Amino acid sequence: MAIDPNANPAHRFNELPDETQEFLSQLRGDDIENLKDGLRLVMAMRTVGGLVKWLIVGIVGTFIATVMLYENILKVLNWLSQSK
Numbered sequence: 005m006a007i008d009p010n011a012n013p014a015h016r017f018n019e020l021p022d023e024t025q026e027f028l029s030q031l032r033g034d035d036i037e038n039l040k041d042g043l044r045l046v047m048a049m050r051t052v053g054g055l056v057k058w059l060i061v062g063i064v065g066t067f068i069a070t071v072m073l074y075e076n077i078l079k080v081l082n083w084l085s086q087s088k
């Protein structure tokens with residue numbers, strides 16, 4: 005059963021499952037503030053998590069590229085020294 009987003013808030017509340025209605029009706033003001041803070045914390049953690057993931061990928065990629073460049077420079081130097 006889909007909730008009508010254009011309905012009156014009281015009617016939308018009645019469309020919620022009984023367990024959800026009971027949970028929401030027991031919330032106090034400070035509980036709502038804690039939920040808002042928790043949602044902001046989760047969004048910030050997801051943002052930082054994405055940043056850290058790409059930071060690790062970048063560091064590993066840079067390390068691999070540096071090793072490959074070093075090996076190829078050694079190959080070129082070895083090739084040049086053999087041609088003399």
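Residue numbers (this note's numbering): 5 to 88.
We put the beta carbon where it would ideally sit given N, CA and C, even for glycine.
For clarity, every value in this text was computed on a predicted model and none was experimentally measured.
Whole angstroms is fine: what's the gap from residue i's alpha carbon to residue j's?
i, j, result
"L39", "H15", "23 Å"
"V1", "P21", "The structure shown does not extend to residue 1, since the chain is modelled only from 5 through 88, so no value can be given for it."
"I68", "V80", "18 Å"
"Q86", "M47", "59 Å"
"T66", "R44", "33 Å"
"I77", "V61", "24 Å"
"T70", "G54", "24 Å"
"G33", "L73", "60 Å"
Considering just the uninterrupted stretch of the alpha helix (DSSP H) at residue i, what are its terminal residues?
i, result
"R32", "Careful: R32 lies outside any alpha helix (DSSP H) and carries neither H nor E."
"P13", "13 to 19"
Go through its chain and collect everything with a Cβ distance to residue i's Cβ below 6 Å, but skip five positions before and after it.
i, result
"L28", "none"
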